Amino acid sequence: MKNTFTSALPDAQGYFGEYGGSFIPEPLQVIMDDITASYLEIRQEPGFIEELGRLYKHYVGRPSPIFHAESLSASCGADIYLKREDLNHTGAHKINHCLGEALLAKKMGKKKLIAETGAGQHGVALATAAALVGLECDIYMGEVDMKKEHPNVVRMHILGARVIPATHGRKTLKEAVDAAFEGYMNDPVNQFYAIGSVVGPHPFPMMVRDFQSIVGNEAREQFQEMTGALPDNVVACVGGGSNALGIFTAFLDDSSVQLHGVEPAGRSLEVDGEHAATMTKGKPGVMHGFKSYMLQDEQGEPMEVYSVASGLDYPSVGPQHSYLKDIGRVNYSSVDDREAIDAFFSLSRQEGIIPAVESAHAVAYAMKMGLGGEKGSILVNLSGRGDKDIDFVVEHYGREYGIT
Ligand SMILES: *Cc1c(COP(=O)(O)O)cnc(C)c1O
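Each residue of the sequence shown is one higher than the one before, counting from 9 in the numbering used here.
The following block contains the structure:
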């Protein structure tokens with residue numbers, strides 16, 4: 009694997025323009041500085057790059073292919089290609105950064121990986137990476153989410169991770185974040201908090217982006233090989249924003265390539281708490297240790313957010329996205345639950361590919377572009393597969409799609 013982990017942004021303090029940085033207590037800043045220094049050193053080491061490249065190829069199954077979705081394209085007058093991250097080991101792009109973080113933690117001499125998880129996807133990917141590299145793993149999860157997402161809890165147990173229930177408040181993701189942070193502060197020297205997207209204090213937005221950039225690096229080459237040209241458009245869903253930056257990064261300097269980030273409009277963009285469209289509806293502010301666009305209530309607390317895709321309901325977004333929005337390099341818009349579910353069934357029935365409901369947001373946007381008259385090629389990052397979503401989708405939407 010070529011070392012492409014260098015970029016003008018962020019600056020040494022972790023800023024992308026005015027966004028990013030690190031807003032954390034001083035004792036933790038010392039630890040974070042150590043992680044930054046170690047990462048900057050390790051990412052130059054041929055041994056590290058080779059090891060990660062070997063795992064991407066022989067463990068994850070990279071490179072993931074690009075598939076020309078001809079039937080779907082014909083049905084909406086578009087020309088849609090899919091970057092198949094759904095075919096990765098564990099079923100999504102998350103394994104790309106979990107392996108990078110696990111290898112870094114191991115090299116730094118850490119004993120344990122910890123993280124919070126909402127629906128359990130990040131927890132399973134991290135527990136997988138921990139098992140592989142030989143680190144302990146604690147995953148914090150709301151008690152309510154543990155019941156809802158029971159299969160993922162079982163997976164984490166089988167993989168040898170401890171799943172620690174967050175039992176206060178609403179017992180969901182927000183409480184899991186608090187519990188994980190508390191657990192981390194008990195022993196930040198031996199534990200490594202593996203953040204699950206391009207969010208959090210510096211260096212995580214940079215580091216997770218770098219680990220995900222393999223997606224765009226592969227895709228840019230594959231697409232040119234397939235078609236003789238660059239794509240006219242690249243589309244990805246945006247929760248925290250890791251799969252989007254993963255595919256966008258390779259195309260940032262290609263001015264002919266339009267980049268589109270798709271946020272979840274949930275049930276309604278007009279009602280607070282019914283969407284998670286951070287850049288469409290939010291304002292810049294500081295939360296969870298970094299500055300970015302965010303959705304806040306009147307007290308400045310993170311707003312309740314909602315999407316049918318639990319991987320997308322986060323009240324902020326990676327700081328590089330805020331920067332790319334302000335400079336106009338990426339066009340951010342949103343797709344609601346209904347459109348995403350429709351795309352979920354369209355892709356399943358026209359191409360035989362059941363997407364994650366998160367990824368279905370990107371597919372829906374590409375379909376809308378076609379129906380809106382877009383004639384250029386559209387490369388969609390299909391960030392994950394939908395196995396995890398089938399029971400929920402059939403229970404809530406099955407009848408409308410002829411499933412009884
Ligand atoms: C977690 C997840 C996402 C959202 O995370 P990003 O950091 O925005 O990429 C998107 N798609 C899938 C399949 C996921 O599991």
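Just so it is clear, CB atoms sit at the ideal spot from N, CA and C, and this is done for glycine as well. Values in this document were obtained by computation on a predicted structure and should not be read as measured data.
Inset, instruction - Using alpha carbons as the reference points, say which of R70, A16, G248 and I166 lies closest to Q230. - result: R70
Legend entry - Closest by C-alpha distance to Y148, when choosing among A317, E183 and S46: Out of A317, E183 and S46, E183 has the C-alpha closest to the C-alpha of Y148.
Legend entry - P209 and I39 closer than 7 Å at C-beta: no
Legend entry - Supposed contact pair S367 and Y89 - C-beta distance, whole angstroms, cut 8 Å: Not a contact, Cβ separation roughly 14 Å.
Legend entry - 8 Å CB neighbourhood of L140 in its chain, flanking five on each side removed: L63, Y67, L107 and A110
Legend entry - L277 beta carbon less than 7 Å from that of G290: In this structure, L277 does not lie closer than 7 Å to G290 by Cβ.
Legend entry - Residue burial classification, V279 (beta-carbon count within 10 angstroms, cutoff 16): exposed
Legend entry - Spatial distance of G297 from G142 (CA atoms): Cα to Cα, G297 sits roughly 29 Å from G142.
Legend entry - S250 Cβ short of 6 Å to ligand 1 heavy atom set: Answer for S250: yes, Cβ within range of ligand 1.
Legend entry - C-alpha distance - S30 paired with K299, whole-angstrom precision: 8 Å
Legend entry - Environment of T175 [buried if 16+ CB atoms lie within 10 Å]: exposed
Legend entry - Anticipated Cβ contact below 8 Å, Q83 with Q307, distance rounded: Checking the sequence shown, residue 83 turns out to be Ser, not Gln. Contact doesn't hold; Cβ gap of about 46 Å is too wide.
Legend entry - Continuous beta strand (DSSP E) assignments of at least 3 residues falling wholly in the segment 25-80: 74-76
Legend entry - Any non-hydrogen atom of ligand 1 closer than 6 Å to Q328 Cβ: no
Legend entry - E366: CB within 6 Å of a non-hydrogen atom of ligand 1: yes
Legend entry - Endpoints, the beta strand (DSSP E) within which K299 is located: F298 to M302
Inset, instruction - Determine, using beta-carbon pairs with one atom in the segment 121-140 and one in the segment 260-273, whether at least three such pairs fall under 8 Å. - result: At 8 Å Cβ cutoff, the stretches do not touch.
Legend entry - Three-pair Cβ contact test at 8 Å for the segment 249-258 versus the segment 329-344: yes
Inset, instruction - Starting from the N-terminal side, write out each stretch of the beta strand (DSSP E) that is 3 residues or longer and does not extend beyond the segment 275-348. - result: Within the segment 275-348, complete beta strand (DSSP E) segments of at least 3 residues are found at 291-295, 298-302 and 338-344, given in chain order.
Inset, instruction - Would you tell me roughly how many angstroms separate the C-alpha atoms of M214 and E408, rounded to the nearest one? - result: 42 Å
Inset, instruction - Following the continuous alpha helix (DSSP H) through I103, name the residue where it begins and the one where it ends. - result: K102 to K115
Legend entry - Under 7 Å between C-beta atoms of P196 and T44: no
Legend entry - M9 versus M116 - alpha carbon distance: 22 Å
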